[in-house]
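With numbering that gives the first Met the number 0, the residue at position 332 of the sequence shown is 331, and numbering never jumps. Each residue gets a CB set at the ideal place from its N, CA and C atoms; glycine is no exception.
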Amino acid sequence: MSAIASNTSASTSGGNNGNGAGHGAGVRTVGSELHSSAVVDQAIKAIVGEVKAKSAKITGERGPLDPALKVSFEEAMKRAAEVRGRGLLYPYLGSGIGNGALVELMDGSVKWDMIAGIGVHFFGHSDPGMIEAGLRGAMGDTVNHGNLQANFEVYQFGEKLLKLAQRKSKLAHVYPSTSGAMANENAVKVCYQKHAPASRVIAFKDCFMGRSVTMSQIGDAAAYRVGIPLSTQVDYMPFYDPVMAERMGQKRYIDMCVSHLTQYIERYPKQHACFIFELVQGEGGFNVGTRDYFKALMDVCKANNIAVWDDEIQSFGRTEQMFAYEHFDLGDYVDVFCVGKMTQVCATMFTKEYNPGPGLLSGTFVSGGAQFQTGTQVLDRLEKGNWYGGEGVFAKHHRLFREQVHALAKKYPQWFPSVSEKYGQLGELANGLGGMMRFTPFGGEKAKIEKAAKAMFEEGVIVFYCGHGPYHLRMLPPLPVFDEKDWPRVFACVERGLAKAAQ
Ligand SMILES: Cc1ncc(COP(=O)(O)O)c(C=O)c1O
């Protein structure tokens with residue numbers, strides 16, 4: 000099925016054009032006429048065809064196209080830094096086109112994009128289906144939909160998300176928003192209201208929740224809340240630690256953590272509104288827990304009337320199941336859920352019991368037509384592809400990624416000293432789950448990891464880092480459009496970058 004065909008099916012699901020119900024008893028609205036117009040179809044086909052033709056010219060990483068472009072790029076970088084108030088982390092200013100995992104910058108250089116906007120562009124750059132969905136969404140009468148006035152595509156997106164979520168959970172409703180932090184803000188409000196006057200939150204060590212005032216307090220990173228008054232009461236639990244669990248034995252380790260949680264509940268009786276679970280930690284270092292560990296803690300929450308809130312903003316869609324709660328078979332426990340990044344529209348979902356009273360969730364914008372159309376298409380393509388399970392495309396890519404890291408470590412053992420001595424953690428070279436991939440050169444030392452990420456960028460591959468010590472290099476590649484044959488090409492850039500950083 001072509002990407003365009005898949006988009007058309009996404010945008011027409013529900014029996015209309017995705018921009019509002021417009022058919023009935025043979026009578027058509029003007030909107031329905033517009034959105035099914037053959038002239039529009041032709042125009043979109045022409046634009047998508049042109050994008051495809053230009054995109055096909057991008058075939059591999061390369062440096063700037065010529066010295067004049069390099070100079071104008073540097074000027075643009077200066078202007079961007081001036082606007083922002085600080086220099087950009089990477090010299091990244093896109094030219095507006097790419098081809099799958101490859102992206103062209105304003106100086107004509109081309110990079111392998113193995114981070115995809117922290118996983119946002121999961122279908123890569125200049126994807127024809129996404130372009131078509133975006134064009135159809137942009138054709139609506141408003142750029143942004145609002146809580147008060149929205150076209151039906153907002154609810155079609157929600158219906159699709161619910162249909163997928165309900166395969167393995169009791170989630171019943173969706174409220175969309177424009178960022179992950181806002182989705183989380185809405186989630187914490189839902190939990191507070193349901194369990195009022197309980198005001199405390201339980202969270203895992205190393206969790207990340209976004210940058211709003213509340214989320215930067217719950218997120219376990221001191222550097223992200225410098226100068227922010229602390230108004231939210233948070234109790235931290237250890238995230239699953241495989242080394243400790245191995246040393247103590249799984250059962251004793253889990254019992255110890257359950258007793259840790261019980262102590263909080265006894266110390267502050269009936270004061271906890273929720274426990275926020277990030278089942279596969281993103282910013283915290285692509286740490287992966289186990290079903291037994293999470294289940295034991297969720298059982299305590301259920302017994303004590305504490306909401307189980309699952310933040311899958313980073314992990315959604317890219318582990319070995321569409322939802323991480325499916326991967327761990329924990330869907331029945333989830334009361335409140337957040338999704339974002341690759342869905343283009345972020346959302347808070349909740350069960351019937353957690354449906355809040357009127358007035359709690361609202362806002363001028365819920366997101367734009369292009370986002371709802373592309374978001375619906377993302378869900379559609381995730382549903383229809385052969386991505387999930389141990390033999391799925393994502394698991395296969397993950398194995399290939401690990402093979403590349405191990406081959407590199409064999410060739411250059413000096414770049415991969417043990418992390419276990421310094422940090423008391425497993426000395427795994429490569430880790431993560433599905434499309435969340437991390438590897439740990441230079442003993443996980445922060446300065447070296449940052450240097451390596453920058454050197455890799457210069458050498459043609461964009462990666463980022465994660466973790467709080469040890470630090471890791473992380474990839475969130477656009478797996479659905481990434482050809483497995485390209486792993487060696489990407490790792491050739493990684494190798495050159497590490498060689499530079501090792502100097
Ligand atoms: C787990 C998690 N929650 C929340 C957020 C915040 O999302 P946003 O940056 O869209 O506000 C992120 C972003 O990285 C995240 O990884």
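### Query
Can you list, in chain order, the residues of its chain whose CB lies under 7 Å from that of N6, leaving out five sequence neighbours each side?
Reading the sequence shown from its first residue, position 7 is the one you call residue 6. Caution applies to N6, whose pLDDT of 37 falls short of 50 and renders its modelled position unreliable; the value that the coordinates give is listed next. So the qualifying residues of the chain are G128, E131, A132, Q376.
### Task
Go ahead and pull the three-state DSSP assignment for Q232.
Here residue 232 corresponds to residue number 233 of the sequence shown, with the count starting at 1. Here Q232 sits in strand by DSSP.
### Query
Which term fits P469, buried or exposed, when burial requires 16 or more other beta carbons within 10 angstroms of its beta carbon?
Position 470 of the sequence shown holds residue 469. Within a 10 Å sphere around the beta-carbon of P469 sit 16 or more other beta-carbons, which makes this residue buried.
### Query
Along the chain, where does the alpha helix (DSSP H) that runs through V225 open and close?
Counting from one through the sequence shown, the residue named residue 225 turns up at place 226. Segment: none, V225 is in no alpha helix (DSSP H) and carries neither H nor E.
### Query
DSSP on E494, reduced to helix/strand/coil?
Here residue 494 refers to the residue found at position 495 of the sequence shown. E494: helix per DSSP, three-state reduction.
### Query
For N286, does the three-state DSSP call read helix, strand or coil?
Against the sequence shown, residue 286 aligns to sequence position 287. Collapsing the DSSP output to three states places N286 in coil.
### Message
For H326, which residues in the same chain have their Cβ closer than 7 Å to its Cβ, ignoring the five residues on either side in sequence?
### Response
The residue given as residue 326 occupies position 327 in the sequence shown. For H326, where only same-chain residues beyond five positions count, the Cβ hits under 7 Å are T318, E319, Q320.
### Message
Among the candidates G62, F441, E427, whose CA atom is the shortest distance from the CA of P416?
### Response
On the sequence shown, position 417 is the one that residue 416 refers to. Comparing Cα positions, the closest option is F441.
### Euclidean distance between Cα positions of K77 and G93
Your numbering for residue 77 matches position 78 in the sequence shown. Your numbering for residue 93 matches position 94 in the sequence shown. Using only the alpha carbons, I get a separation of about 15 Å.
### Task
Count the other C-beta atoms from every protein chain shown that fall within 10 angstroms of the C-beta of R380, then say buried if there are 16 or more, exposed otherwise.
Counted from its first residue, the sequence shown places residue 380 at position 381. That one is buried.
### Task
Taking all protein chains shown into account, decide if E74 is buried (16 or more other Cβ within 10 angstroms of its Cβ) or exposed.
Within the sequence shown, the letter at position 75 stands for residue 74. Burial call: exposed.
### Query
Are G283 and H467 close, meaning C-beta to C-beta below 8 Å?
Counting from 1 along the sequence shown, the entry for residue 283 is found at position 284. Counting from 1 along the sequence shown, the entry for residue 467 is found at position 468. For the 8 Å CB-CB criterion, G283 and H467 form a contact.
### Query
Taking all protein chains shown into account, do 16 or more other C-beta atoms lie within 10 angstroms of the C-beta of R135, making it buried, or fewer, making it exposed?
Residue mapping note: residue 135 aligns to position 136 of the sequence shown, counting from 1. R135 comes out buried.
### Message
Short of 6 Å in beta carbon distance, which residues of its chain neighbour D112, apart from the five on each side in sequence? Order them along the chain.
### Response
Taking the sequence shown and counting its residues from 1, the one referred to as residue 112 is at position 113. Only A100, V102, I461 meet the Cβ criterion.
### Query
Cβ of Q232 within 8 Å of Cβ of V200?
As a working mapping, residue 232 is identified with position 233 in the sequence shown. As a working mapping, residue 200 is identified with position 201 in the sequence shown. Yes.
### Task
Tell me where the beta strand (DSSP E) around R473 begins and ends.
Counting from 1 along the sequence shown, the entry for residue 473 is found at position 474. Segment 471-474, the beta strand (DSSP E) holding R473.
### Query
Mapping DSSP to helix, strand and coil, what is T141?
For the purposes of this step, residue 141 is identified with residue 142 of the sequence shown, where counting begins at 1. DSSP places T141 outside both helix and strand once states are collapsed to three, so it counts as coil.
### Message
For a test of the three-state rule: what should DSSP assign to E457, helix, strand or coil?
### Response
Sequence index remark: in the sequence shown, residue 457 carries index 458 (1-based). Helix, per DSSP.
### Task
Could you check what DSSP says for H124 in three-state terms: helix, strand or coil?
Numbered from its first residue, the sequence shown carries residue 124 at position 125. Looking at H124 - three-state DSSP - the assignment turns out to be strand.
### Query
Around the C-beta of G388, are 16 or more other C-beta atoms found within 10 angstroms, so that it is buried, or is it exposed?
In the sequence shown, residue 388 corresponds to position 389, counting from 1. Burial call: exposed.
### Query
Roughly how many angstroms separate the alpha carbons of I264 and A346, rounded to a whole number?
In the sequence shown, counting from the first residue as 1, residue 264 sits at position 265. In the sequence shown, counting from the first residue as 1, residue 346 sits at position 347. Distance from the CA atom of I264 to the CA atom of A346, rounded to whole angstroms, is 29 Å.
### Query
Just reading off the alpha helix (DSSP H) that G368 is part of, what are its end residues?
The sequence position of residue 368 within the sequence shown is 369, counting from 1. G368: member of the alpha helix (DSSP H) spanning 368-383, first to last residue.
### Query
Alpha carbon to alpha carbon, how far is E457 from G496?
Numbered from 1 along the sequence shown, position 458 holds the residue referred to as residue 457. Numbered from 1 along the sequence shown, position 497 holds the residue referred to as residue 496. About 7 Å.
### Query
Taking C-alpha atoms, which residue in K340, V344, S366, D334 lies nearest to K351?
Taking the sequence shown and counting its residues from 1, the one referred to as residue 351 is at position 352. Minimum Cα distance to K351 is reached at D334.
### Query
When the Cα of A491 is compared with those of H34, E60, A42, which residue comes out closest?
For this step, residue 491 is matched to residue 492 along the sequence shown. Answer by Cα proximity: E60.
#### Entry: Of the listed residues A454, H471, D234, D485, nearest to Q502 (C-alpha basis)
Position 503 of the sequence shown, counting from 1, holds the residue named residue 502. Out of A454, H471, D234, D485, A454 has the C-alpha closest to the C-alpha of Q502.
### Query
In chain order, what residues of the same chain have a beta carbon less than 8 Å from the beta carbon of R437, not counting five sequence neighbours either side?
As a first step, residue 437 is located in the sequence shown; it is residue number 438 there, counting from the start. Cβ-Cβ distances below 8 Å link R437 to G284, F285, A429, N430, G431, C465, G466, H471, L472, R473, M474 in the same chain, with the five nearest sequence neighbours on each side left out; the list follows chain order.
### Message
For ligand 1, I want to know if A180 counts as a neighbour, meaning its beta carbon is within less than 7 Å of at least one of the ligand's heavy atoms.
### Response
Reading the sequence shown from its first residue, position 181 is the one you call residue 180. At least one heavy atom of ligand 1 lies less than 7 Å from the C-beta of A180.
### Query
Leaving out the 5 sequence neighbours to the left and right, which residues in its chain are closer than 6 Å to H124 when beta-carbon positions are compared?
Locating residue 124 in the sequence shown gives position 125, where the first residue counts as 1. These residues qualify, in order along the chain: G97, V102.
### Message
So for D310, helix, strand or coil by DSSP?
### Response
For the purposes of this step, residue 310 is identified with residue 311 of the sequence shown, where counting begins at 1. Looking at D310 - three-state DSSP - the assignment turns out to be strand.
### Query
Under 8 Å, do E483 and L399 count as touching if we go by C-beta distance?
For the purposes of this step, residue 483 is identified with residue 484 of the sequence shown, where counting begins at 1. For the purposes of this step, residue 399 is identified with residue 400 of the sequence shown, where counting begins at 1. Result yes, Cβ atoms of E483 and L399 sit closer than 8 Å.
### Query
Relative to the C-alpha of G139, which residue among W486, Q370, D298 is closest?
Sequence index remark: in the sequence shown, residue 139 carries index 140 (1-based). The option with the nearest alpha carbon to G139 is Q370.
### Task
State yes or no: is the C-beta of F207 within less than 8 Å of the C-beta of P479?
If you number the sequence shown from 1, residue 207 lands on position 208. If you number the sequence shown from 1, residue 479 lands on position 480. Contact flag unset, no.
### D310 CB to nearest heavy atom of ligand 1 below 7 Å
Taking the first residue of the sequence shown as 1, we reach residue 310 at position 311. The answer is yes for D310.
### Task
Might you give, ordered along the chain, the residues of its own chain that have their beta carbon closer than 6 Å to the beta carbon of A244, omitting 5 neighbours on each side?
Position 245 of the sequence shown holds residue 244. For A244, where only same-chain residues beyond five positions count, the Cβ hits under 6 Å are Y252.
### Message
Looking at W308: is its Cβ nearer than 8 Å to the Cβ of C256?
### Response
Counting from 1 along the sequence shown, the entry for residue 308 is found at position 309. Counting from 1 along the sequence shown, the entry for residue 256 is found at position 257. No; because the gap between Cβ atoms is not below 8 Å, this pair is not in contact.
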